[in-house]
Amino acid sequence: SPVISNIPSILNKAIQIEFIHTLPMIKQNFSDFPEIRKQFYVLLKTIAKKYFQDVFREPELVQYIIDSVLWGTKHVQTEVSYTALKTCLSILEDIVEEEDDVSSPFFETYYVRILTDMLEILVDPDRRNGFEYQSQILARMLMMVQEGEIYTRLFNPEQVSNPLMSNMEFLQQYILDLLTNVFPMLQKSQIEILVMGMFDYSNDLKRFQDDIQDFLVDIRQVDEASVGEQRIIEEREAEIDLLGNL
Numbered sequence: 049s050p051v052i053s054n055i056p057s058i059l060n061k062a063i064q065i066e067f068i069h070t071l072p073m074i075k076q077n078f079s080d081f082p083e084i085r086k087q088f089y090v091l092l093k094t095i096a097k098k099y100f101q102d103v104f105r106e107p108e109l110v111q112y113i114i115d116s117v118l119w120g121t122k123h124v125q126t127e128v129s130y131t132a133l134k135t136c137l138s139i140l141e142d143i144v145e146e147e148d149d150v151s152s153p154f155f156e157t158y159y160v161r162i163l164t165d166m167l168e169i170l171v172d173p174d175r176r177n178g179f180e181y182q183s184q185i186l187a188r189m190l191m192m193v194q195e196g197e198i199y200t201r202l203f204n205p206e207q208v209s210n211p212l213m214s215n216m217e218f219l220q221q222y223i224l225d226l227l228t229n230v231f232p233m234l235q236k237s238q239i240e241i242l243v244m245g246m247f248d249y250s251n252d253l254k255r256f257q258d259d260i261q262d263f264l265v266d267i268r269q270v271d272e273a274s275v276g277e278q279r280i281i282e283e284r285e286a287e288i289d290l291l292g293n294l
């Protein structure tokens, strides 16, 4: 149970409502109980903002909140995804202002996970309704690293080829690998240009968003070309089969 004894009683009651009673109702899919789902994320946003100091010093509560927020960002229901994305951005802005004993454990545990989820929903055609906030979160996260606002290592040195690499070097390679796996049909140079631009323009949101939009257009064009080529192949195979049966 995510009930903590050393936090305000009203917060404990809200947590009981959120995580004990409501969360099990909405975590099985993205569609059941749409009104309850919307209110869940409104209350979650309030908890994360109003009781930030209480919540984010309790690791168990942090996990519940981040799990719930990231689940919310994957919704196609706009009111839910927008609220979850705004909550995620607010949490990041607040946590980076905290002392190292609070911010560093958070970033060590959740930075890469949040970044990964944002990248995956950003390139998902069914979830691009949240592009404005998805891209803001990504830009802010990369800028935190660029500006030296994160003081801890974001990777396990035993799991990388160069344990002495910087956070920025790690993230550049991590994002490159992730997008290369998602889009094997693209040339690696296309993805490299995007990744470098994401870091170069993380403090210029308009340019950051424009570059990503251009990349998404390239993906769509490549997908359409691939579908066209596949259709031609299928038609030729059908013709060969037909001729073979004559």
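Position 212 (the sequence shown) corresponds to 260 in the working numbering; numbering is contiguous. Every residue gets a Cβ at the ideal spot worked out from N, C-alpha and C, and that includes glycine. Since this is a predicted model, take the numbers as computed values, not measurements.
Residue state for phenylalanine 247 is assigned as helix, using DSSP reduced to three classes. Take isoleucine 198, set aside five residues on each side of it, and the residues of its chain with a beta-carbon closer than 6 Å to its own are Phe155, Met192, in chain order. In this structure, glycine 178 and serine 138 do not form a Cβ contact; the two beta carbons are roughly 15 Å apart against a cut-off of 8 Å. Straight-line measurement puts the Cα of leucine 133 at about 17 Å from the Cα of isoleucine 74. Between isoleucine 260 and methionine 246, the gap from beta carbon to beta carbon is short of 9 Å. With fewer than 16 other beta carbons inside 10 angstroms of its own, glutamate 206 counts as exposed.
For asparagine 60, the enclosing alpha helix (DSSP H) begins and ends at 57-63. Scanning the region 163-234 from its first residue to its last, the whole alpha helix (DSSP H) runs of 4-plus residues come out as 179-194, 215-230. When C-beta atoms of the region 110-121 are compared with those of the region 144-151, fewer than three pairs fall below 8 Å, so the two segments do not count as touching. The three-state reading of DSSP puts tyrosine 112 in helix, counting H, G and I together.
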